[in-house]
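**Student:** Let me begin by handing over the structure; questions about it come next.
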Amino acid sequence: GHNDTVARMTTYEEMYNRTLAGLAYLDTVLPIGSHVLTTGLANGSILYELLHDRIHPLGRVGPPITYSKVYSYLECLEISPCNGWLSSNETLRAFTSERAVNLSIAVHDATDAYSSKNFDSGYLDFPFDQAIQEWISQGGEPWQLIESVDGFHISQYGHAITFDHGYNPINLIGCPRLIHTLSILSESLKIRVDIKPSLDIFVIFFSLKKYSL
C-alpha cells in the first residue's frame, strides 16, 4: 500500500535468502523423512484485467462502484493489498508481474540449492493459470475464482480447483525428489484426492517471511 511500491519490492536476493532461511528453520523442526514442497507466486497480473470494469459488491446497492474505483480508493488511503497489480497503471502492473516471476525463480533456485538433513524437497510453479483454463472448460468464468469482496485473493472455488489441478499427486511426478512420496506416504494421514496414486501428507511451503509487490 506504499506510494513508493517499486522501491519497496522484495528483490531476488532477499527472496532467495529468506527461502533458504525458511528451509533451514524447517530443518530444525521437521522429523527425518519429511517432505517439503515450495511454490512460486500466483500470477496476479490477471486481477485488474478480470475485475476492473466489474461492479464491486459495495456498488450493488446505490451508485455502481467498479473494482477499479475501489482499487484507486484503497491506493489513495495507502492500504491497498498490492499497489503493483491493483493499479490502473499498466506499466506498473507489467513491472510487478516481471518482479513476481523473478521472485518465483528465487524460490526455485533456493529450493534447488538447499541441502537438507531431515526432508526432501521440490518446487512447483503456482498453477493458477492452469486452474483458470480448467475452470473455463467446466463452463465457469475466470473472475469467479477471485474473492469478490477484496478482489485480490483466490475464492473458495479458486482454492478448490487450484489444489485439484496443481497439487493433485499425479502432478507431483514432475518433482524428481518427491516421486517416491507417492508410495512411502500411503499409510499416513489419509488425505485423499480424486485420482490415484494418492499423496497422504506433504508440506506446502511458500515463505516464512513477508515479501512485497
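Residue numbers (full-length UniProt numbering): 1 to 213. The beta carbon of each residue, even a glycine, is placed where N, CA and C say it ideally should be.
#1: In the DSSP assignment, find the unbroken beta strand (DSSP E) run with G95 in it and report its ends.
#2: Can you give me the start and stop residues for the alpha helix (DSSP H) that D27 sits inside?
#3: Could you check the C-alpha separation between Y67 and Q156 for me, to the nearest Å?
#4: Counting beta carbon pairs with one atom in the segment 14-25 and one in the segment 92-109, are three or more of them shorter than 8 Å?
#5: Can you name, in chain order, every residue of its own chain whose Cβ lies under 8 Å from the Cβ of P176, other than the five neighbours on each side?
#6: Buried or exposed, going by whether 16 or more other CB atoms sit within 10 Å of the CB of V61?
#7: Alpha carbon to alpha carbon, how far is A24 from E98? Give it in angstroms, no decimals.
#8: Could you tell me if N89 is buried or exposed, where buried requires 16 or more neighbouring beta carbons within 10 angstroms of its beta carbon?
#9: According to DSSP, is F128 helix, strand or coil?
**Tutor:** Checking against the coordinates, here is how it stands:
#1: Contrary to the premise, residue 95 reads as Phe rather than Gly in this sequence. Counting along the chain, F95 falls outside any beta strand (DSSP E), though it belongs to the alpha helix (DSSP H) covering 90-113.
#2: 12-29
#3: 19 Å
#4: yes
#5: Unreliable placement is indicated for P176, whose pLDDT of 48 sits below 50; no coordinate value is reported for it.
#6: exposed
#7: 27 Å
#8: exposed
#9: helix
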